[in-house]
Ligand code: ZN
């Protein structure tokens with residue numbers, strides 16, 4: 002195992018053990034639920050939007066380590082970003098998880114999110130890692146109902 006993947010592993014374990022923004026956001030003005038039937042991961046994403054900017058973001062849910070760590074990293078990454086920036090991040094993350102991102106140039110700008118890049122080698126786990134992002138997008142779009150990875 003390379004140093005890089007060990008580092009990534011640490012990031013995932015850390016976010017799984019002490020997830021960031023893991024709470025209900027009482028004054029959220031957008032909210033969406035997500036479900037990954039393949040693994041049983043469930044998540045609710047709360048957003049407080051102000052003038053197109055994500056002022057606050059939080060999540061609740063239960064699921065595997067990957068889904069929880071990914072959700073935690075997602076909230077830490079999109080806080081303070083505009084809706085458009087968050088959409089762009091979604092695209093980048095999606096590319097990374099499906100292995101379409103240029104590993105060198107692309108991963109560098111992903112920052113800590115790159116910790117999830119190894120997931121693309123485990124197709125069954127891709128949906129665990131992308132669930133929080135799908136749910137974020139549903140919340141941004143104000144879609145009602147359940148976001149699913151299917
Ligand atoms: Zn999962």
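In the working numbering, the protein residues as written are 2 to 151.
Here a beta-carbon is modelled for each residue, glycine too, at the ideal position from N, C-alpha and C.
Practice task
Return yes when the C-beta of residue 121 is under 8 Å from any heavy atom of the ligand ZN, and no when it is not.
Solution key: Because no heavy atom of the ligand ZN lies under 8 Å away, the Cβ of residue 121 does not count as near it: no.
Exercise for the section: Leaving out five residues on either side along the sequence, give the residues of the same chain with a beta carbon under 6 Å from the beta carbon of residue 40. Expected result: If we look at residue 40 and ignore the five residues flanking it on each side, its Cβ neighbours are 65, 129.
Handout entry: Any non-hydrogen atom of the ligand ZN within 8 Å of residue 107 CB
Key = Taking 8 Å as the cut-off, the C-beta of residue 107 does not count as close to any heavy atom of the ligand ZN.
Handout entry: Touch test, the stretch 15 to 32 against the stretch 43 to 53, Cβ-Cβ under 8 Å, three pairs minimum
Key = Yes, they touch.
Practice task
State the DSSP-derived secondary structure class of residue 1, mapped to helix, strand or coil.
Solution key: Because the chain is modelled from 2 through 151, residue 1 falls outside the range shown and cannot be assessed.
Handout entry: Rounded straight-line distance, which links the Cα of residue 71 to that of residue 92
Key = Here the C-alpha atom of residue 92 lies approximately 15 Å from the C-alpha atom of residue 71.
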